[in-house]
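Participant: Have a look at this one.
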Amino acid sequence: MRHWLAAILVCLTCPAAAQEFIQTDALLSDDAFYRLVACAAPPGADCSKPMIYWPQEKRSALRVGFVTKTPALAPWQERIYTRALIEAVAEINKVGGGIQLRVAAPSDDSAPDIAMHVLDTRPGEVMENTGVPVLEGRVLSLGQVMVRARNSWIDQAVISMSVDTPRRAIASVVLEEVVQALGLMTDIRSPVYRRSVFSEDSNSGTRLRGQDAMAIRRHYPPT
Numbered sequence: 001m002r003h004w005l006a007a008i009l010v011c012l013t014c015p016a017a018a019q020e021f022i023q024t025d026a027l028l029s030d031d032a033f034y035r036l037v038a039c040a041a042p043p044g045a046d047c048s049k050p051m052i053y054w055p056q057e058k059r060s061a062l063r064v065g066f067v068t069k070t071p072a073l074a075p076w077q078e079r080i081y082t083r084a085l086i087e088a089v090a091e092i093n094k095v096g097g098g099i100q101l102r103v104a105a106p107s108d109d110s111a112p113d114i115a116m117h118v119l120d121t122r123p124g125e126v127m128e129n130t131g132v133p134v135l136e137g138r139v140l141s142l143g144q145v146m147v148r149a150r151n152s153w154i155d156q157a158v159i160s161m162s163v164d165t166p167r168r169a170i171a172s173v174v175l176e177e178v179v180q181a182l183g184l185m186t187d188i189r190s191p192v193y194r195r196s197v198f199s200e201d202s203n204s205g206t207r208l209r210g211q212d213a214m215a216i217r218r219h220y221p222p223t
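For the sequence shown, full-length UniProt numbering gives the first residue as 1, with consecutive numbering after it.
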């Protein structure tokens, strides 16, 4: 049986959402950091989510692309989103992991593996009339990713973002959601990790460095 799992990027001014982060005040070892973002394991504790991965046959060219862009999106916003996705894919591809992404072309015959939707839904509001069954009736908290997995294997991911995402945060939010769509679905709340792409409280990370890059390489070891 396939199940949908969610990771939510919290809007701090919106109604409370389900906790999708773990809090810690300490600098974590590489092993502890990886297990936190990959399976929601608190430092020194067991996993609370399953480890999930894209299957081997998808890893040489995992396709990600926009499927829906609300007409409410201004031309300047559309340009920023398009550039943010291109840069996010390039950033992930250069960390040296055993997975490579490519931006899906509009002419592709099939839907992208990671389908992105920019919706005319304000953060904290319920998504309606999206045309995407898995999103209907859910609260959009700035940005979120849903992945469908069977056993340990992902076969589909859906990213939803609000048209009201602040301009300065778009690149960071796009990068975080695409990274989380790889199966690294838990954020970290810590003053030590405010510059991490996994930071629960900051939308400023646009580069994958240090333990962020390490987590991708460990989840998808180079071949």
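Idealized CB from N, CA, C, for every residue including glycine.
Tell me the rounded alpha-carbon separation between Thr186 and Val178.
Facilitator: Rounded to the nearest angstrom, the two C-alpha atoms are 13 Å apart.
Participant: On the criterion of 16 or more Cβ atoms from any shown chain inside 10 Å, does Met96 qualify as buried, or is it exposed?
Facilitator: The residue asked about is misnamed: residue 96 is Gly in this sequence, not Met. Exposed is the call here.
Participant: Look up Val179 in the DSSP assignment and say whether it is helix, strand or coil.
Facilitator: Reduced to three states, the DSSP call for Val179 is helix.
Participant: Measure the beta-carbon distance from His117 to Val163 and round it to whole angstroms, keeping in mind my assumption that it falls under 8 Å.
Facilitator: Contact doesn't hold; Cβ gap of about 11 Å is too wide.
Participant: Can you tell me which of the three DSSP states Glu153 falls into?
Facilitator: Sequence check: residue 153 is Trp here, not Glu. DSSP places Trp153 in strand when its eight states are reduced to three.
Participant: Quick one: residues in its chain with C-beta nearer than 7 Å to the C-beta of Thr165, no 5 flanking neighbours on either side, listed in chain order?
Facilitator: The answer, listed in chain order, is Leu142, Gly143, Val173.
Participant: If you draw a straight line from the C-alpha of Asn129 to the C-alpha of Ala74, how long is it?
Facilitator: Each residue's alpha carbon lies about 20 Å from the other.
Participant: When the Cα atoms are used, what is the spatial distance from Gly69 to Val158?
Facilitator: Strictly speaking, residue 69 in this sequence is Lys, with Gly absent from that position. Cα to Cα, the separation comes out at about 13 Å.
Participant: Please look up how many angstroms separate the CB atoms of Ala72 and Asp120, rounded, as I've assumed it's under 8 Å.
Facilitator: Ala72 to Asp120, Cβ: 4 Å. Contact.
Participant: Distance, Cα to Cα, Pro55 vs Leu182?
Facilitator: Rounded to the nearest angstrom, the two C-alpha atoms are 10 Å apart.
Participant: Contact defined as beta carbons within less than 8 Å: I believe Val64 pairs with Asp113. What is the distance between those atoms, to the nearest angstrom?
Facilitator: Correct: roughly 7 Å between the Cβ atoms.
Participant: Ile22 and Ala40 - do their beta-carbons sit closer together than 8 Å?
Facilitator: Yes.
Participant: Report the three-state DSSP secondary structure of Thr82 (helix, strand or coil).
Facilitator: Helix at Thr82.
Participant: Starting from Gln100, trace the alpha helix (DSSP H) in both directions and tell me its first and last residue.
Facilitator: Gln100 -> no alpha helix (DSSP H), and no H or E assigned at all.
Participant: Judging by CA-CA distance, which residue of Val126, Ile99, Ala115 is the nearest neighbour of Pro106?
Facilitator: For the residues Val126, Ile99, Ala115, the minimum Cα distance to Pro106 belongs to Ala115.
Participant: Please classify Ala16: does DSSP put it in a helix, a strand, or coil?
Facilitator: Low confidence applies here, because Ala16 scores a pLDDT of 30, under 50, leaving its location unreliable; read the following figure in that light. Ala16 falls in the coil class under three-state DSSP.
Participant: Is Ser199 helix, strand or coil by DSSP?
Facilitator: Of the three classes helix, strand and coil, the one that applies to Ser199 here is strand, per DSSP.
Participant: Please state whether DSSP places Asp31 in a helix, a strand or coil.
Facilitator: Helix.
Participant: Is Leu9 helix, strand or coil when you go by DSSP?
Facilitator: For Leu9, the predicted model reports a pLDDT of 41, less than 50, meaning its position is unreliable; a value from the coordinates is still stated below. Three-state result, Leu9: strand.
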